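Q: First residue of the sequence shown? That's -4 in our numbering, and the numbers climb one at a time after it. Ideal Cβ placement from N, Cα and C applies to all residues, glycine included. Only a predicted model underlies this, so the values are computations on that prediction, with no experimental measurement involved.
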Amino acid sequence: MNVIIVTACPSGMATSFLAARRLEQAARRRDWEPLIDMRSQFERKLVLSDHQLAAAELVIVAASPLTSAGLERFVGKRVHVAPIEEALPDPAAFLANAESRARVLEAKDIADVAATVGTTATGAASAAGGDVTHKPSIVAVTACPTGVAHTFMAAEALSEAGRALGYPTRVETQGSVGAQDALTEAEIAAAEVVILACDIEVDPTRFAGKRIWRTSTGTALKKPCDTIEQALEGAEVESATASGGQGSQQKGEKRGPYKHLLTGVSFMLPMVVAGGLMIALSFVFGIKAFEEEGTLAAALMQIGGGSAFKLMIPVLAGYIAYSIADRPGITPGMIGGWLAATLDAGFLGGIIAGFLAGYSALGLSRFVKLPQSIESLKPILIIPLVASMVTGLVMIYVVGTPVAGLMTALTEFLESMGSANAVLLGILLGAMMCFDLGGPVNKAAYAFGVGLLASETYAPMAAIMAAGMVPALGMGLASFIARAKFAEPEREAGKASFILGLCFISEGAIPFAAKDPLRVIPVCMVGGAVTGALSMLVGAKLLAPHGGLFVLLIPNAINVPLMYLGAIVAGTLVTGIGYALIKKGAQQVETAAAT
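#1: Cα separation between P252 and G332?
#2: Just tell me which of D45, R17 and A461 has its CA closest to the CA of E228.
#3: What's the gap between the Cα of E233 and the Cα of I308?
#4: Is E288 helix, strand or coil when you go by DSSP?
#5: Out of V134, S154 and V418, which has the shortest C-alpha to C-alpha gap to M531?
#6: Can you give me the start and stop residues for the beta strand (DSSP E) that W208 sits inside?
#7: Taking K490 as the reference, give the member of F499, A473 and A479 with the closest Cα.
#8: Can you tell which of G523, Q225, A528 and V569 has the C-alpha that lies nearest to the C-alpha of S414?
#9: For E101, does the count of other Cβ atoms within 10 angstroms reach 16, so buried, or fall short, so exposed?
#10: Relative to the C-alpha of W208, which residue among E196, I79, H46 and E231 is closest?
#11: What does the Cβ neighbour count give for P540, buried or exposed, with the cut at 16 atoms within 10 Å?
#12: Beta carbon of M520: closer than 8 Å to some heavy atom of the ligand NAD?
#13: If contacts are defined as beta-carbon pairs under 8 Å, then A340 and A399 qualify, I think. What distance do you get, rounded to the angstrom?
#14: Sorted by chain position, which residues of the same chain lie with C-beta nearer than 7 Å to M273's C-beta, five sequence neighbours on each side aside?
#15: Might you give, ordered along the chain, the residues of its own chain that have their beta carbon closer than 8 Å to the beta carbon of T137, omitting 5 neighbours on each side?
#16: In angstroms, rounded to a whole number, what distance separates the CA positions of A184 and F12?
#17: Quick one: measure Cβ to Cβ for L420 and T452, integer angstroms, because I've assumed they're closer than 8 Å.
#18: Going by alpha carbons, who is nearest to I553 out of A477, M402, L497 and A461?
#19: Determine, using beta carbons only, whether I563 and V445 come nearer to each other than 9 Å.
#20: Roughly how many whole angstroms lie between the Cα atoms of G242 and P265?
#21: If you measure between the beta carbons of G496 and L468, is that distance less than 9 Å?
#22: Using only the alpha-carbon positions, how far apart do I577 and E502 sit?
#23: Pick helix, strand or coil for P540, following the three-state DSSP scheme.
#24: Can you check DSSP and say which residues form a bridge with V398?
#25: Where does the unbroken alpha helix (DSSP H) through A316 begin, and where does it stop?
#26: Do D32 and I79 count as a contact pair if the criterion is CB distance below 9 Å?
#27: Buried or exposed for D198, please, with buried defined as at least 16 other CB atoms from any protein chain shown within 10 angstroms of its CB.
#28: Could you tell me the boundaries of the beta strand (DSSP E) in which T452 lies?
#29: Decide if N437 is buried, meaning its Cβ has at least 16 other Cβ atoms within 10 Å, or exposed.
#30: Would you please state the rounded distance, in angstroms, between the beta carbons of Y574 and V521? I believe it to be under 8 Å.
#31: Give me, in chain order, the residues of the same chain whose beta-carbon lies closer than 8 Å to that of R322; leave out the 5 immediate sequence neighbours on both sides.
#32: By DSSP's criteria, L53 is part of a beta bridge. Which residues make up the other side?
#33: Determine the extent of the beta strand (DSSP E) in which A193 is found, giving its start and end residues.
#34: Identify every residue that forms a DSSP beta bridge with L30.
#35: Which residue from N(-3), T326, I369 and F493 puts its Cα closest to that of R349?
#36: Do you know offhand how far G353's Cα is from A454's?
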């Protein structure tokens, strides 16, 4: 059925836009062919042709005030008119009601229809305290594995998009320093929708009973307006078991093994950073100084290598299991991770232990039914005992030995590979780091490098961090050397991008990639591949998995600092000069929160 849908609101902005989008989607689900006339100060009024008017079988007008809808055009057509507020809560029901109640509009009826709808809208506004349009309150949480770039950029994008669409929006960031701008109980209680834009698992129990929409930080950053609209339309109340990681799955970003792995990496990362830098500080007194007992160098090595690095794999496994099974998974996960470390199964063994412990604990929680009198013993006695036993026995008798052999072979291969193989590995890791700027491919390469640190294999991590700096540095360089091709907002974005690149935040290049992906992404991958290859070629080894160029200020954190710096400069020049040459004219770069 051919349908004309007209939306208009007093401000001509957010409500008109959202109502039009939601009604259009609902109409298409009914197999209708909608033609949308969204009345807004930002949109030109749609001029309907005689053919379009003749073909329309139904006209639906959702407008307040009605005078802005142009009803005169629809005389002689079946028309349903209602205040725009009625269209927002349930668009499908609104359309069904419109189809059943539509009547042929005559010219003499226009004034009466306008008066009737105006009275209805006024009454609704009075009931709502005088606000003509319904503006649901939104709260959100953003969190990424490193808790640095995507966490805060996604939060800013959602805040700006909510403001632009006219919805009160509050965002809590769970970054590397913990929760900031924490949501209050009152704000959560008042919110109609909760958006969890998280690449790692966060505790959703405080949002019990609220409609929740799950997505990734990358999606929220790149498409903040779409994220808010999809959340308002598709968010659902999660079941009580959802907090365990495998409950009701929402539309949007679904939880699964990849997200569980990133949760473990996120909690492990501070341990890796602290341990690596402690080891580097011990080297300040000499590469072999820690071998002399009782010295400060020996103490630093004990803290970093003897404690922090030993805890890396248990923490990784424990929080993978936590992501899967919530708190009951932590104990068996950490026990399995410690066994992986003592069996020399490395980070691969830790990953296996985490998933084994998590799904064991989740299965016990869901499927083991006990009398009510002893049900309370499950989380503190039965699940930790049985899941730890299952995980431990499997790690000792089944997984440990073959995975330890695999890790030994991998470590020996990485340490003994020739220049050609090292360069190929550097090209692969460098290109992966620049492919999606913080997306799944980037994070997979990063997790690989971080995991190898536990096996004292430091070269891949050096190539990964160096290549990860190239996109943002390259875009900053390009905006400087080819200023005529960049608009003023682009040049300002380039300055910020360069600073972010120095800090190993490749997301600084996202505004450029979002606007011109077919040029930006390939040239960044080429530059990253060059840097990764050179880093591996010169034998660079990095003890800390984050910090960017500022890690060079710590003696011995990188073994060949000048050649390492040269590799970064080479990749930056390739990317910056390459993009400056192929860029077409001056365009407006979209900010992360552009609407």
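A: This is what the structure holds:
#1: 17 Å
#2: R17
#3: 32 Å
#4: coil
#5: For M531, the closest of V134, S154 and V418 by C-alpha to C-alpha distance is V418.
#6: R206 to T210
#7: A473
#8: A528
#9: exposed
#10: Closest by alpha carbon: E231.
#11: buried
#12: Of ligands this structure carries none, so the ligand NAD is not represented either.
#13: With 8 Å as the limit, A340 and A399 qualify as a contact, their Cβ atoms being about 5 Å apart.
#14: L295, I298, G299 and A303
#15: H145, T146, F147, A149, A150, L153, V166, E167, T168, Q169, A192, C193, T212 and A215
#16: 27 Å
#17: In fact, because the Cβ distance is near 11 Å, the residues do not count as touching under 8 Å.
#18: A461
#19: no
#20: Here G242 scores only 40 on pLDDT, less than 50, and its place in the model should not be relied on; the value that follows carries that caveat. Taking the straight line from one Cα to the other gives about 29 Å.
#21: yes
#22: 21 Å
#23: coil
#24: BP columns for V398 are empty, so no partner.
#25: F304 to A320
#26: No, these two residues do not count as a Cβ contact at 9 Å.
#27: exposed
#28: Here T452 belongs to no beta strand (DSSP E), and DSSP marks it neither H nor E.
#29: By the 10 Å Cβ count, N437 comes out buried.
#30: Y574 to V521, Cβ: 10 Å. No contact.
#31: P374
#32: V(-2)
#33: In the sequence as presented, Ala is not what sits at residue 193; that position holds Cys. Where C193 is concerned, the enclosing beta strand (DSSP E) stretches over V188 to C193.
#34: Answer is I(-1), bridged to L30.
#35: A small correction: the amino acid at residue 349 is Gly; Arg does not occupy that position in the sequence shown. Residue T326 is the option with its Cα nearest to G349.
#36: 31 Å
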